[in-house]
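> Heads up: the sequence shown begins at 10 in the working numbering, then just goes up one per residue. Built from N, CA and C at the ideal position, the CB exists for glycine as well. Remember, it's a predicted structure, so these values are computed and weren't measured experimentally. Quick one: the structure is below, and I'll ask about it shortly.
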Amino acid sequence: MLRGVLRLSIGTAVARAMAAVGQLLLAVWLTPTDFGYWAAATSVISVLTGLANFGEVNGYLSGQGGTFSQARRAILRVNTVLAGSGALIAVLYWLDGNVMVAALAAISAVSIPLIGDAELMYSTGVKYKAYARVVTAQIFAAVAKIIVGVVIAAAFASPLAFAVSTVVFYLLMDIVILRRVPSLTHAEVESVRTVSPRTRFTWGVNSLFVTLPIQVGFIVAQFGASAEVLGLYFLAYQVSLGLSGLVSVPLARVALSSLSNETFDRRVPLSMELCRLFVFAVSGLAALVSLFAPLIGSVLGAEWTAAAPAVVILLASLAVRMMSPILDGLQQANNRWWQGTAFNAVDTAGTAAAALVSFTGDLMLLVSAVAMWKVLFGLVRAAWLLSSARPLPVMATLLPALVMSLLIGGSAFFAQPASIVVLVCALIISVGGTLLTARARRSRP
């Protein structure tokens with residue numbers, strides 16, 4: 010089972026990495042303004058996609074939501090209503106004169122039922138341990154998404170490449186897994202659905218508040234920044250998101266599994282050990298990528314040059330943000346799921362406030378404000394959740410994250426070769442810290 014879960018985690022990470030590569034490839038033919046249109050459309054529609062299925066998948070996985078067929082019918086009804094709401098949002102964009110944003114929002118809205126169905130297929134594969142099928146579907150769909158997106162972008166230089174390729178991704182993933190579903194669910198028996206509306210509402214809100222901290226910055230920034238600045242911000246954020254996704258997906262599963270198997274008293278110390286290890290490791294990865302960030306302009310085109318320092322600043326926050334999967338595992342192992350929603354709500358409000366800086370029209374101020382909030386919030390959250398430990402070990406956990414964030418982020422404000430020296434120093438510190446932390450963990454009984 011553990012091997013299957015690991016394979017699933019790696020497959021998901023590969024699919025996320027391919028999605029990030031696909032975004033960068035589209036930037037070769039599309040402009041920052043095109044990216045801004047897509048960011049504006051998807052950020053608002055994400056409020057609806059975050060509510061997609063409204064907890065029905067959770068009910069099915071927990072055995073409270075009836076059979077696959079029952080869950081699928083319920084999901085279709087819910088998501089059809091959400092799609093209609095999304096279509097109204099697209100109409101509002103059209104009435105405001107944002108024709109391209111309206112078109113992208115309309116396609117995204119119409120695809121909500123498809124996204125919801127694909128999520129059910131994914132969850133069904135996981136429920137019945139069909140990990141190989143799920144991984145195959147993800148990677149196959151990701152490859153097709155890249156190909157379709159590149160073809161449309163190269164042929165028409167249109168941001169429709171984003172929307173159409175996304176639809177292709179979910180459609181193919183849905184189809185590939187669906188072919189296996191009958192053999193997986195044939196033994197299911199129709200039963201009374203025992204999930205209360207209140208429980209489904211709670212699950213839906215939890216899902217929404219996982220999405221909002223990521224998207225709320227774009228929702229706010231589209232009203233204050235130009236489409237070009239929004240597009241640069243979107244690309245920079247996608248790079249940091251893609252890099253974090255490579256680690257956070259398997260890390261979240263490993264952390265929850267490890268912490269759940271520990272006694273209550275050992276969970277906080279183990280969480281701190283894992284945080285220190287991954288803070289150094291991910292900081293090294295962020296510093297390494299930051300060294301190559303100046304090449305963005307020469308590879309993607311001169312109009313993308315301004316994205317380079319923005320990428321570095323947002324990568325700097327990964328040192329702190331990477332503690333989140335571990336701390337989420339700590340909360341879940343202690344059966345404090347509600348805390349996750351509460352923290353995500355605070356993160357959403359803070360990110361929205363930081364994004365108000367977009368009204369200055371300055372990209373560097375915008376990404377700096379968002380990154381500083383993420384670092385500050387992450388440190389406060391970690392201090393709160395680790396407060397039962399002695400102060401010295403807590404400081405030994407939080408201080409490296411703060412120092413690495415300041416080093417990597419600060420390098421964006423220096424010219425070469427000073428910026429390179431700072432990043433190399435950060436890389437050396439992270440490698441040394443990773444090795445020392447790993448050795449200390451191995452030597453502990």
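If you drop the 5 nearest sequence neighbours on each side, which residues of the same chain put their C-beta closer than 7 Å to that of S420?
For the purposes of this step, residue 420 is taken as the residue at position 411 of the sequence shown. S299, V321, S428, V431 and L432.
> When you compare only the Cα positions, how much space is there between S167 and P41?
One-based indexing of the sequence shown puts residue 167 at position 158. One-based indexing of the sequence shown puts residue 41 at position 32. Rounded to the nearest angstrom, the two C-alpha atoms are 12 Å apart.
> G59: which of L91, F368 and T360 sits nearest, CA to CA?
Numbered from its first residue, the sequence shown carries residue 59 at position 50. That would be L91, whose Cα lies nearest to the Cα of G59.
> Could you check what DSSP says for E271 in three-state terms: helix, strand or coil?
Position 262 of the sequence shown holds residue 271. If DSSP states are grouped into helix, strand and coil, E271 belongs with coil.
> By how many angstroms is the C-alpha of C284 removed from the C-alpha of A290?
Start at 1 with the first residue of the sequence shown, and residue 290 comes out as number 281. Start at 1 with the first residue of the sequence shown, and residue 284 comes out as number 275. So the two alpha carbons sit approximately 10 Å from each other.
> For I305, does the count of other Cβ atoms within 10 angstroms reach 16, so buried, or fall short, so exposed?
In the sequence shown, counting from the first residue as 1, residue 305 sits at position 296. With 16 or more other Cβ atoms within 10 Å, it is buried.
> Quick check: K383 and S439, are their CB atoms within less than 7 Å of each other?
The sequence position of residue 383 within the sequence shown is 374, counting from 1. The sequence position of residue 439 within the sequence shown is 430, counting from 1. No, Cβ-Cβ distance for K383 and S439 is not below 7 Å.
> Between A236 and G418, is the Cβ-Cβ spacing less than 7 Å?
Reading the sequence shown from its first residue, position 227 is the one you call residue 236. Reading the sequence shown from its first residue, position 409 is the one you call residue 418. Going by C-beta atoms, A236 is not nearer than 7 Å to G418.
> Closer than 7 Å by C-beta to T145: which residues in its own chain qualify, once you throw out the five before and the five after it? Chain order, please.
Taking the sequence shown and counting its residues from 1, one reaches residue 145 at position 136. Same-chain partners within the cutoff: V185.
> Just the Cα atoms here: how many angstroms apart are I124 and L401?
Walking along the sequence shown from the start, residue 124 turns up at place 115. Walking along the sequence shown from the start, residue 401 turns up at place 392. Rounded to the nearest angstrom, the two C-alpha atoms are 46 Å apart.
> Got a sec, what are the start and stop residues for the alpha helix (DSSP H) Q425 sits in?
Counting from 1 along the sequence shown, the entry for residue 425 is found at position 416. First-last for Q425: undefined, no H or E at that position.
> Kindly indicate which three-state DSSP category W103 falls into: helix, strand or coil?
As a first step, residue 103 must be located in the sequence shown, where it is residue number 94. W103: helix per DSSP, three-state reduction.
> Just curious, the alpha helix (DSSP H) that R209 is in, first and last residue?
Counting from 1 along the sequence shown, the entry for residue 209 is found at position 200. Its alpha helix (DSSP H) spans residues P206 to G233.
> Drop a sphere of 10 angstroms on the beta-carbon of I116, count the other beta-carbons inside from all chains shown, and report buried for 16 or more, exposed for fewer.
Locating residue 116 in the sequence shown gives position 107, where the first residue counts as 1. That one is buried.
> With distances taken from CA atoms, which of A315, R209, L279 and A363 is nearest V87?
Here the question's residue 87 lines up with position 78 in the sequence shown. Among A315, R209, L279 and A363, the Cα nearest to that of V87 belongs to R209.
> With the cut-off set at 7 Å, would you say F178 and A139 are in Cβ contact?
Walking along the sequence shown from the start, residue 178 turns up at place 169. Walking along the sequence shown from the start, residue 139 turns up at place 130. Cβ distance not < 7 Å, so F178 and A139 don't count as in contact.
> How about the region 403-410 and the region 344-363: do they share at least three Cβ pairs that are nearer than 8 Å?
Result no; under three Cβ-Cβ pairs closer than 8 Å.
> Note down the Cα distance separating C434 from G441, rounded to an integer number of angstroms.
What you label residue 434 is simply residue 425 of the sequence shown in a count that begins at 1. What you label residue 441 is simply residue 432 of the sequence shown in a count that begins at 1. Approximately 11 Å, taken between the alpha carbons.
> Terminal residues of the continuous alpha helix (DSSP H) containing S326?
The residue given as residue 326 occupies position 317 in the sequence shown. That residue, S326, is in no alpha helix (DSSP H); it is neither H nor E in DSSP.
> Which of the three DSSP states, helix, strand or coil, is assigned to Y246?
Here residue 246 refers to the residue found at position 237 when the sequence shown is read from its first residue. The answer is helix: DSSP assigns Y246 an H, G or I state.
> Classify W38 as helix, strand or coil using the three-state DSSP reduction.
Numbered from 1 along the sequence shown, position 29 holds the residue referred to as residue 38. Coil.
> From which residue to which residue does the alpha helix (DSSP H) around M130 run?
Position 121 of the sequence shown, counted from the first residue, corresponds to residue 130. First-last of the alpha helix (DSSP H) with M130: I121 to K136.
> Given V3, which residues of its chain have a CB within under 7 Å of its CB, disregarding the five upstream and five downstream residues?
Shown here, the chain extends from 10 to 454; a query on residue 3 therefore has no answer.
> Just to check my reading of the structure: T38 and A162 have Cβ atoms closer than 8 Å, yes? What is that Cβ distance to the nearest angstrom?
On the sequence shown, position 29 is the one that residue 38 refers to. On the sequence shown, position 153 is the one that residue 162 refers to. For the sequence presented, residue 38 should be read as Trp rather than Thr. With 8 Å as the limit, W38 and A162 qualify as a contact, their Cβ atoms being about 4 Å apart.
> Between F386, T369 and A317, which has its C-alpha nearest A424's C-alpha?
Working through the sequence shown from its first residue, we reach residue 424 at position 415. Nearest option by C-alpha distance: A317.
> If you follow the alpha helix (DSSP H) that W313 is in, where does it begin and where does it stop?
For the purposes of this step, residue 313 is taken as the residue at position 304 of the sequence shown. Premise fails: W313 is in no alpha helix (DSSP H) and is neither H nor E.
> If I measure Cβ to Cβ from S1 and keep anything under 8 Å in the same chain, skipping five residues before and after, which residues do I get?
Outside the shown range of the chain, which is 10 to 454, sits residue 1, and nothing can be said about it.
> Quick check on the burial criterion: 16 or more other C-beta atoms within 10 angstroms. Buried or exposed for R189?
The residue labelled residue 189 in the question sits at position 180 within the sequence shown. Buried, because 16 or more other Cβ atoms sit within 10 Å of the Cβ of R189.
> What are the start and end residues of the alpha helix (DSSP H) that includes P191?
Start at 1 with the first residue of the sequence shown, and residue 191 comes out as number 182. V190 to T194 is the extent of the alpha helix (DSSP H) around P191.
> CB-CB under 6 Å to A164, same chain, minus the five flanking residues each way: which ones, in chain order?
Your numbering for residue 164 matches position 155 in the sequence shown. Excluding positions up to five away in sequence, the list is empty.
> What first and last residue would you give for the alpha helix (DSSP H) that runs through P168?
Here residue 168 refers to the residue found at position 159 of the sequence shown. Unbroken run through P168: none, as it is neither H nor E.
> What is the rounded straight-line gap between the Cα of S253 and the Cα of R275?
Taking the sequence shown and counting its residues from 1, the one referred to as residue 253 is at position 244. Taking the sequence shown and counting its residues from 1, the one referred to as residue 275 is at position 266. Straight-line Cα distance between these residues: approximately 27 Å.
> Identify the continuous alpha helix (DSSP H) that holds M332 and give its terminal residues.
Here the question's residue 332 lines up with position 323 in the sequence shown. No alpha helix (DSSP H) contains M332, which DSSP labels as neither H nor E.
> Verify whether the separation of the beta carbon atoms of G31 and I148 is less than 7 Å.
To locate residue 31, count along the sequence shown from 1; it is residue 22. To locate residue 148, count along the sequence shown from 1; it is residue 139. Result no, Cβ atoms of G31 and I148 do not sit closer than 7 Å.
> In whole angstroms, give me the CA-to-CA distance for S216 and P426.
For this step, residue 216 is matched to residue 207 along the sequence shown. For this step, residue 426 is matched to residue 417 along the sequence shown. Near 44 Å, if we compare the C-alpha coordinates of P426 and S216.
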